[in-house]
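Student:
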Amino acid sequence: MLRAEIVIRGPVGLHARPAADFVRTAEKFKARVRLAKDGVWVNARSILSILTLAAESGSTVILEVSGEDEKEAFRALKTMLERET
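Taking the working numbering, the leading residue of the sequence shown gets 295, the next gets one more, and so forth.
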């Protein structure tokens, strides 16, 4: 299992379009992907679940990836969360 605390860098945080992009990327992998903010964990393959986190720019989330292709999934998803655009 890979886990990291990540500060959301994008100007709009994890709102609709970035969240949809995140889910599409997560669905490319077999690994289980979860996100947490303020102690609340959600399935990161669900856009509605991600949106409930209200993760704005500058907020900290925890990304947790486990399973068959966890290293590749973790790298791709972490990069998305840290991206500033």
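No residue lacks a Cβ here, since even glycine has one placed at the ideal position from N, Cα and C.
Let me confirm a value: Ala310 is counted as buried when at least 16 other C-beta atoms fall within 10 Å, else exposed. Which label applies?
Tutor: Label assigned to Ala310: exposed.
Student: At what residues does the alpha helix (DSSP H) containing Leu371 begin and finish?
Tutor: Where Leu371 is concerned, the enclosing alpha helix (DSSP H) stretches over Glu364 to Glu376.
Student: Under 6 Å Cβ to Cβ from Glu299, same chain only, skipping five residues before and after it: list those, please.
Tutor: Cβ within range, chain order: Thr354 and Ile356.
Student: Output yes or no for whether 9 Å exceeds the beta carbon distance between Ala348 and Ala320.
Tutor: Cβ distance not < 9 Å, so Ala348 and Ala320 don't count as in contact.
Student: Strictly by DSSP, which residues pair up with Lys324?
Tutor: Bridge partners of Lys324: none, in fact.
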